[in-house]
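The listed protein sequences correspond, in order, to chains Y and S. Numbering-wise (numbering that gives the first Met the number 0), the first sequence opens with residue 0 and increments by one. Numbering-wise (numbering that gives the first Met the number 0), the second sequence opens with residue 0 and increments by one.
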Amino acid sequence: MVLLLIPSWLYAWDLKSVVTYFGTSDQTITIGWTSSNPVPNEAFDIELFHVERNAVMLTGHTSQLEISVQLPVSGHYIARVRCVAPVEESVCLGNDGNTYDNGICRTIWVESIDPTYAKVNDEPKGWWIYGHVAPPGPIE
Amino acid sequence: MAKLQPAILRFPPSGSPDVVTYKLYMELEGVGLTYDSQSYDIGNNIVDGMVVVDLATVPGMTSLDGVYDIGVTAVDDAGNESSMSTKDSVPLDFTPPDPPGQLEIGG
Chain Y
0 MVLLLIPSWL
10 YAWDLKSVVT
20 YFGTSDQTIT
30 IGWTSSNPVP
40 NEAFDIELFH
50 VERNAVMLTG
60 HTSQLEISVQ
70 LPVSGHYIAR
80 VRCVAPVEES
90 VCLGNDGNTY
100 DNGICRTIWV
110 ESIDPTYAKV
120 NDEPKGWWIY
130 GHVAPPGPIE
Chain S
0 MAKLQPAILR
10 FPPSGSPDVV
20 TYKLYMELEG
30 VGLTYDSQSY
40 DIGNNIVDGM
50 VVVDLATVPG
60 MTSLDGVYDI
70 GVTAVDDAGN
80 ESSMSTKDSV
90 PLDFTPPDPP
100 GQLEIGG
């Protein structure tokens, strides 16, 4: 299982149960997570799902517990992360939702809007990101 | 036909990768610039790393004459606009002087 953490550089607006973090699409953001049950050689797949376009706009893969990305377009984004690790099939399939293929175990995707997995200020809470269009520079 | 001097507006482009054009907002000085102010699509002409537009070539612009507060926004392919970069008290004069009188050629 992975646990998504807030991108702390962004500024937040708490709307009901989901916190919106605002930034601009020229900024590099860092999204982090924890590994609740680390295993050797584990890695993570990450996706940024664009809500308005109903499409995955960015994918990544890392063995680190964070990834830095630039938002490709403006709009709302939900972060998704899953763990990928070479473990025994019996161990892998012992957890609900895991899939096993060619010696590789993959967990379910966890989403940043799901308070089961997401945290804000160390409290279970969903979050997403809104990337504004970056303004032009000063007029001459 | 009168000849108008160029009125060059320059600004650094937005850093967002999906910007397709820029909008210019204008309001008479002191009125207060908003997204409801008169606006013009000024394109995305980048020269030497700056967005450059000659206001004298923007359709409708040459009917303006006076001192204006102006703002520019970046617009992405979905039509979303950025916040405004503004500049106050910009004098615009697209009114040419009266032409000289009738030419006379004397012998």
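From the three backbone atoms N, C-alpha and C, an ideal C-beta is built for every residue, glycine too.
Coil, strand or helix - G26 of chain S by DSSP: The displayed chain sequence assigns Glu, not Gly, to residue 26 of chain S. Three-state DSSP puts E26 of chain S in a strand.
CB contact below 8 Å: A54 of chain Y versus chain S: At a cut-off of 8 Å between beta carbons, A54 of chain Y makes no contact with chain S.
Chain S residues whose Cβ lies nearer than 7 Å to that of I28 of chain Y: Within chain S, no C-beta atom comes nearer than 7 Å to that of I28 of chain Y; the closest sits roughly 13 Å away.
Per-residue DSSP class, three states only, for T61 of chain S: Helix, per DSSP.
Within-8 Å CB hit, Y67 of chain S to chain Y: For Y67 of chain S, not one C-beta of chain Y is nearer than 8 Å to its own C-beta.
Interfacial residues, the segment 70-84 of chain S to chain C, with Cβ spacing under 9 Å: The structure shown contains no chain C; the protein chains it does contain are Y and S.
Whether L32 of chain S touches L63 of chain S by CB criterion (8 Å): The answer is no: Cβ separation not under 8 Å.
Runs of alpha helix (DSSP H) lying entirely within the segment 81-133 of chain Y, each at least 4 residues, in chain order: Annotation: the segment 81-133 of chain Y contains the following complete segments of the alpha helix (DSSP H) (minimum length 4 residues), in chain order: 88-91.
CB of T72 of chain S within 8 Å of CB of K2 of chain S, strictly: No, Cβ-Cβ distance for T72 of chain S and K2 of chain S is not below 8 Å.
P90 of chain S at chain Y interface by Cβ criterion, 8 Å: No, P90 of chain S does not count as interfacial toward chain Y.
Within-8 Å CB hit, H131 of chain Y to chain S: Yes, because at least one Cβ of chain S sits closer than 8 Å to the Cβ of H131 of chain Y.
Beta-carbon proximity check, G74 of chain Y vs G130 of chain Y, cutoff 8 Å: With contacts defined by Cβ atoms closer than 8 Å, G74 of chain Y and G130 of chain Y form a contacting pair.
Rounded straight-line distance, which links the Cα of V119 of chain Y to that of S35 of chain Y: Spanning the two alpha carbons is a distance of roughly 17 Å.
Spatial distance of P96 of chain S from V57 of chain S (CA atoms): Taking the straight line joining both Cα atoms gives about 21 Å.
Chain S within 8 Å of S62 of chain Y, Cβ atoms only: S62 of chain Y does not count as touching chain S.
Unbroken beta strand (DSSP E) run spanning P90 of chain S, endpoints: If you look at P90 of chain S, you'll find it in the beta strand (DSSP E) that goes S84 to D92.
Three-way DSSP call (helix, strand, coil) for L8 of chain S in this model: DSSP places L8 of chain S within a strand segment (E or B) once states are collapsed to three.
Residue span of the beta strand (DSSP E) that contains G22 of chain Y, given as start and end: Element bounds for G22 of chain Y: V17 to T23.
E103 of chain S to D87 of chain S span [Cα, whole Å]: Distance between the alpha carbons of E103 of chain S and D87 of chain S is about 45 Å.
At least three beta-carbon pairs within less than 8 Å, the segment 23-32 of chain Y to the segment 70-86 of chain Y: Enough Cβ pairs lie closer than 8 Å, so yes.
Status (buried if at least 16 other CB within 10 Å, exposed otherwise) for G59 of chain S: Exposed, because fewer than 16 other Cβ atoms sit within 10 Å of the Cβ of G59 of chain S.
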